[in-house]
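Counting with my numbering, you get residues 15 to 238 for the letters of the sequence shown. In this text, a Cβ means the ideal position worked out from N, Cα and C, and glycines have one as well. This report refers to the structure that appears directly beneath it.
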Amino acid sequence: MGEAGRREPFAVKDCAVTALATGEDAWTLRELRDRLSRVPAGSLYYHFQGRLLRPVFEVREFNNDLADWAAFSLRDPVLAERLSLLDPAEFEGLEALRDELIELIEERIAENGPPRTLPADRPFRFIEGQIVVFDTHRRIDEPGELGVLCRDLSRGSVYYHFVDARYRNPDGRDDFQRWLDQFGPEVADLQTRLSSVDVYFSTLDQLRDRLTDLCGALRAPEDG
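Below, the structure is given as structure tokens:
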């Protein structure tokens with residue numbers, strides 16, 4: 015890395031998140047806590063960051079499925095607000111997120127006093143998510159090509175390279191920042207700007223627009 019003739023092209027990937035039933039349902043806070051302690055980590059992935067990739071047909075008030083359920087099925091706005099503040103990127107893995115979820119729910123159980131006798135309007139059904147990645151066979155060689163690339167990215171590509179990457183990569187950076195490392199200090203400002211984008215509290219369409227704006231500031235190489 016570093017020599018112009020040896021630079022790696024950026025390989026564009028796309029992805030989808032599959033949904034698998036776990037058979038685990040919860041009607042009450044206590045059941046939710048107990049199920050959370052044993053569902054696979056892929057279920058947390060599905061109900062938090064994986065939710066960004068699912069089709070959106072209405073404006074979502076909360077950013078994860080647990081907060082939605084707490085608000086609209088359990089009718090506990092206090093818990094819903096607390097759950098909605100959780101950003102998976104702030105935890106060192108899904109197990110740390112699981113621990114925080116259980117702690118929040120146990121705190122709410124203690125605040126509520128005697129166990130609730132009425133269950134939620136609908137159960138929370140735990141789904142396990144698995145990410146499936148495939149190559150688009152699209153490549154770019156220069157930072158100046160990023161603006162056009164980002165404009166045309168599918169939602170799955172935005173998710174894979176900019177959202178999932180922050181959880182997948184050991185340094186917590188997106189794939190664009192890591193690829194830009196080989197181009198030296200001239201792209202350092204763009205890397206800083208990319209790192210400041212909040213990926214979890216935005217839609218994928220909003221992220222694509224933001225990426226296009228940031229990366230479009232770099233001039234594409236002229237033909238000839």
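Buried or exposed by the 16-neighbour rule on C-beta atoms within 10 Å, applied to residue i
{"i": "S209", "result": "exposed"}
{"i": "P102", "result": "buried"}
{"i": "V31", "result": "buried"}
{"i": "R153", "result": "exposed"}
{"i": "E142", "result": "buried"}
{"i": "V146", "result": "exposed"}
Alpha carbon of residue i to alpha carbon of residue j, nearest angstrom
{"i": "E38", "j": "R139", "result": "6 angstroms"}
{"i": "S171", "j": "L66", "result": "12 angstroms"}
{"i": "L80", "j": "E156", "result": "41 angstroms"}
{"i": "L225", "j": "P133", "result": "43 angstroms"}
{"i": "E17", "j": "D90", "result": "The pLDDT assigned to E17 is 49, lower than 50, so where the model puts this residue is not dependable; a value taken from the coordinates is nonetheless given after this. Cα to Cα, the separation comes out at about 57 angstroms."}
{"i": "G107", "j": "G230", "result": "32 angstroms"}
Residue i (DSSP reduced to helix, strand or coil)
{"i": "T217", "result": "coil"}
{"i": "G56", "result": "helix"}
{"i": "R222", "result": "helix"}
{"i": "G230", "result": "helix"}
{"i": "A40", "result": "strand"}
{"i": "V177", "result": "helix"}
{"i": "F148", "result": "strand"}
{"i": "F105", "result": "coil"}
{"i": "R153", "result": "strand"}
{"i": "V211", "result": "coil"}
Member of the options whose CA lies at the smallest distance from the CA of residue i
{"i": "F176", "options": "A30, Q191, D166, R21", "result": "Q191"}
{"i": "P137", "options": "T42, F62, F105, L194", "result": "T42"}
{"i": "D135", "options": "D178, F86, E125, G186", "result": "F86"}
{"i": "R96", "options": "L58, L118, A40", "result": "L118"}
{"i": "R187", "options": "I141, Y174, G198", "result": "Y174"}
Terminal residues of the alpha helix (DSSP H) in which residue i lies
{"i": "V162", "result": "160-166"}
{"i": "L93", "result": "91-98"}
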